[in-house]
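One line per chain: the protein sequences are A and B, in this order.
The letter at position 93 of the first sequence is residue 93 when you use the working numbering, and the numbering goes up by one with no holes.
To convert, count from 1 in the second sequence and add 251; that's the working numbering.
Note that CB positions come from ideal geometry on N, CA and C, so glycine has one too.
Keep in mind that this is a model prediction, so the values were computed, not measured.
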Amino acid sequence: MIRALSARLRQGQQTSTRPVDALQLPERFRGRPDVAPSRCKDGCRACADACPTEALRLDPLRLDLGACLFCGACQDACPTGAIRFTNDHRLSVRGREDLLLEGDELPLAQSLDARMRRLFGRSLKLRQVSAGGCSGCEAELVALGNVVYDLGRFGIQFVASPRHADGIVVTGPVTENMEAALRKTYAAVPPPRIVIAVGACAISGGPFAGSEAARGSLPPDVPVDLYIAGCPPHPLTVLDGLLRLVGQLER
Amino acid sequence: MAGPTNRMPGVDGGEKLTRHSSVYWGTNGLAVAVDDVPRVAVADFRNACVDLCTHGRHLVALCALPGAKDSADAEILAVLGGDRSGHLGFLRTSLGASREYPALTPELPQAQAFEREMFETYGIHPRGHPWLKPLRRHASLDEHTLGDRAGTPQYPFFRVDGSGVHEVAVGPVHAGIIEPGHFRFQCHGEEVLSLEIRLGYQHRGAESLFLRSSPARRLVIAESIAGDTAIGHASAYCMAMEGLGGASLPLSAHSLRGIALELERLANHIGDLGALAGDIAYLPGASYFGRLRGNFLNLLLELSGNRHGRGLLSVGGARLGLDAAMRKSFLERLRRDESELEAVANLMFNTPSVLSRFEQTGVVAVQTARDLGLVGPVARASGLQRDVRHDHPAGIFRFAHIPVTAATSGDVMARALVRWLEVQRSLTFVQKQIRELPEGPLAAKVEAALPNRMVVSLVEGWRGEIAHVAVTNEKGQLRGYKIVDPSFHNWFGLSMALRGNQISDFPVCNKSFNLSYAGHDL
Chain A
1 MIRALSARLR QGQQTSTRPV DALQLPERFR GRPDVAPSRC KDGCRACADA
51 CPTEALRLDP LRLDLGACLF CGACQDACPT GAIRFTNDHR LSVRGREDLL
101 LEGDELPLAQ SLDARMRRLF GRSLKLRQVS AGGCSGCEAE LVALGNVVYD
151 LGRFGIQFVA SPRHADGIVV TGPVTENMEA ALRKTYAAVP PPRIVIAVGA
201 CAISGGPFAG SEAARGSLPP DVPVDLYIAG CPPHPLTVLD GLLRLVGQLE
251 R
Chain B
252 MAGPTNRMPG VDGGEKLTRH SSVYWGTNGL AVAVDDVPRV AVADFRNACV
302 DLCTHGRHLV ALCALPGAKD SADAEILAVL GGDRSGHLGF LRTSLGASRE
352 YPALTPELPQ AQAFEREMFE TYGIHPRGHP WLKPLRRHAS LDEHTLGDRA
402 GTPQYPFFRV DGSGVHEVAV GPVHAGIIEP GHFRFQCHGE EVLSLEIRLG
452 YQHRGAESLF LRSSPARRLV IAESIAGDTA IGHASAYCMA MEGLGGASLP
502 LSAHSLRGIA LELERLANHI GDLGALAGDI AYLPGASYFG RLRGNFLNLL
552 LELSGNRHGR GLLSVGGARL GLDAAMRKSF LERLRRDESE LEAVANLMFN
602 TPSVLSRFEQ TGVVAVQTAR DLGLVGPVAR ASGLQRDVRH DHPAGIFRFA
652 HIPVTAATSG DVMARALVRW LEVQRSLTFV QKQIRELPEG PLAAKVEAAL
702 PNRMVVSLVE GWRGEIAHVA VTNEKGQLRG YKIVDPSFHN WFGLSMALRG
752 NQISDFPVCN KSFNLSYAGH DL
């Protein structure tokens, strides 16, 4: 008992203080990129050639953050510094097309409408479905429950049954073998319900885009309300997206 | 660096093995000419595999020779590891147009998943295989758990009948945040008579996509075989490409890869200790280890720009290094974490309620571990001295040795204890490497792969032995690529661990293995 108490005292307070979006990630963290098409040299396609997932479009330069793995290969390849990864962790949007980044402004997710906010604003229960996720995204979702991020204090919780949930969080490129289970899980959530796609795989297939064994995105009958980009997204990125969605974070 | 040699290793029962002239002895990470591996008769191939595996070796890989898919002639390659002289045994045999051979599994249970994989993927029939069920494929089979009533054949689950026997089905979608898989228990009351694990839900077609992809894409696929083992699989991929190109890396790159690999091990082992505590409702352990795990992911983040080390490795070396200020900061934090970890571990491993749940739970006997060909901390917890860093050292582990950790009791306690001992040894290693990190370039140029070569790269990931097998064609292009995640060897071990245990102990047994679904399903 004494030992337990002394360990507890030694641990002290570890939970991050609010507002959580004020936390600064390390300099090397590859978050939202700055894209500066004006710096591109004519005919140069070094970044597009280096990109493992064809996330870059040229003329003008645009970066699809839904396909981007934030590996930094384009930044290394660019001779003029037209692409630079910043340590800004905020990477959540409401529409797929919002992820096509041109410049340095990402239209960050707006909150749900007033009716949905009334329902979910202070209590959101989610069911997680890994549909081919490599456990990278899953690990970061688990990390949200640790004492540092303590998701529960925001009224957001992962639950053990879709029947208890207000929505689902999907990770992975939606493998053929998980598609039916994903649909059934979604159908088991009582409406109104929300769908959150976490990570490059769930948004675009990520590294597995083009595989014959996976869809590469969520099926149209599972409509997405929130896209959280990254490979995997940092726990703060996910937290930021969830809080924006339920209207607990407005900036 | 010594080249591959065909000298017969003279230790560990070598006298019994001299008759196996069918085996080519190679080295981890060094390419061999495909034609140097003799093609032998099926009977000799089988005898050599069985004999070597009953004398201390184990199957690293057993696969259709990558790239031989479309030829009418089916060929099988076996790679045997665990030789005390550090050699890898290569064997191959041709099956001809019949595409069948007498299965190894009846004599060599560790071949069971490999043979099912060859059957499913290449249509190679291991005759007499006692458990020839689908491994990953679901199409054309009934989605039993999903309530399909179309009359298609059921997945043939093993069933126990009798008075009072009942069945429990779990998954594919689980209660927590975890990958999908289906668990089918046959129980008598609380006691588990049998557990069958059906996987394949995560199959993403990684291997076939790999061959169709650009080198840049291959690296990110490798990092995503199992997301918690990004460094481990990326290391194995890079080593394979460097072996095929005959590259020699600067010491700083080896050291950085070693630091990253051990940070990955630290984060995962510490996370597992926390999760084990969570599963027995010992909340101090769950909270403290859970937080400390994050500290190691954050070190990986500061080093690589990503919490899982993605983007750190490149074919030829590493993309980012550590400057003096970072090294100082890393060392300070590692020292602090080390002392905090010790305090938490001392607390947890001295709490009687923890010990009573961990001890004698989920026992895997050493002979079972050997028969199934288990790898990693799970194998070491059952008393097998099996560690790639020691048995087949490559990279930094040729210069800096980490002692092999082993326990004997084979229970959840042993698997927890092995993790804790490995945490301590990795901490010592990482701190030493950071202190002594050499200056200089981080990467070497890697030449194009040589034609008609084969390389096997082994890395001791935190779950155990990771193997990548790469084969080039006459133009030096990849014609085959086989990936073996440690989970592929270990899933059956979990089934065996559950026998005779209470079903309520499944979570803690499962966590003590903590296997990858995606790594198995590819």
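Per DSSP, A/Cys134 lies in no alpha helix (DSSP H) segment and is marked neither H nor E. At a cut-off of 9 Å, the C-beta of B/Ser755 has no neighbouring C-beta in chain A. Rounded to whole angstroms, the gap between the alpha carbons of A/Arg215 and B/Lys683 is 46 Å. In this structure B/Pro423 is buried. Its beta-carbon is surrounded by 16 or more other beta-carbon atoms within 10 angstroms. With the criterion set as a beta carbon lying under 9 Å from some beta carbon of chain A, the members of the segment 544–558 of chain B are Arg544, Gly545, Leu548, Asn549, Leu552, Glu553, Leu554, Ser555, Gly556, Asn557 and Arg558, in sequence order. Here B/Met369 carries a helix assignment [DSSP, helix/strand/coil]. At a C-beta separation below 7 Å, A/Val129 has these neighbours in chain B: Val424. For B/Leu359, the three-state secondary structure derived from DSSP is coil.
A direct Cα-Cα distance of roughly 17 Å separates A/Cys68 from A/Pro37. Under the three-state reduction of DSSP output, B/Trp276 falls in the strand class.
Under the Cβ criterion of 9 Å, A/Ala229 is not counted among the residues facing chain B. In the same chain as A/Arg32, and ignoring 5 residues on each side of it, the C-beta atoms closer than 7 Å to its own belong to Thr86, Asp88, Arg90, Leu91 and Leu106, in chain order. The three-state reading of DSSP puts A/Arg122 in coil, since its state is none of H, G, I, E or B.
When DSSP assignments are scanned along the segment 406–449 of chain B, the uninterrupted stretches of beta strand (DSSP E) that are 3 or more residues long and fall wholly within it turn out to be 416–421, 433–439 and 442–449. Within chain A, no residue has its beta carbon less than 9 Å from that of B/Gly374; the closest one is some 17 Å off. Of the residues B/Ala616, B/Ala312 and B/Phe341, the one whose Cα lies closest to the Cα of B/Pro289 is B/Phe341. Residue range His309 to Ala315 is occupied by the beta strand (DSSP E) that includes B/Val311. Taking 9 Å as the cut-off, the Cβ atoms of B/Ser708 and B/Ser445 do not count as close. Interface criterion met: the Cβ of B/Gly456 is under 9 Å from a Cβ in chain A. Using a CB distance cut-off of 9 Å, B/Val471 counts as an interface residue toward chain A. Listed along chain A, the residues sitting closer than 7 Å to B/Pro431 by beta-carbon distance are Ser130, Met178 and Ala181. Between B/Ala518 and B/Leu564, the CB-CB gap reaches or exceeds 9 Å. Between the C-alpha atoms of B/Val706 and B/Arg676 there is a straight-line separation of about 30 Å. Minimum Cα-Cα distance from A/Ser217 among the listed residues A/Asp49, A/Gly66 and A/Ile2 corresponds to A/Gly66. Those residues of the segment 68–83 of chain A placed with their C-beta closer than 9 Å to a C-beta in chain B are Leu69, Phe70, Cys71, Gly72, Ala73 and Asp76, ordered along the chain. Taking B/Gln753 as reference, the option from B/Ala651, B/Arg586 and B/Gly613 with the minimal CA-CA separation is B/Gly613. Residues of the same chain with a CB within less than 8 Å of the CB of B/Asn703, apart from the 5 flanking positions on each side, are Ala284, Val285, Asp286, Thr723, Asn724 and Glu725 in chain order. For A/Pro190, no CB of chain B lies under 9 Å from its own CB, so it is not counted at the interface with that chain. In this structure, B/Arg297 and B/Asp334 do not form a Cβ contact; the two beta carbons are roughly 19 Å apart against a cut-off of 8 Å. At least one CB of chain A lies nearer than 9 Å to the CB of B/Asp772.
In this structure, DSSP gives B/Val663 a helical state, which the three-state scheme calls helix. When C-beta atoms of the segment 524–536 of chain B are compared with those of the segment 728–743 of chain B, fewer than three pairs fall below 8 Å, so the two segments do not count as touching. Measuring C-alpha to C-alpha distances from B/Val471 to each of B/Glu515, B/Ser503 and B/Gly560 identifies B/Gly560 as the nearest. Scanning its chain for C-beta atoms nearer than 8 Å, with the 5 sequence neighbours on each side dropped, one finds around B/Trp382 the residues Thr356, Gln363 and Arg367, in chain order.
Across the structure, B/Leu500 and B/Leu346 are spaced so that their CA atoms are roughly 39 Å apart. Chain order gives no chain A residues near B/Ser604, where near means a beta carbon separation below 9 Å; the closest approach is about 11 Å.
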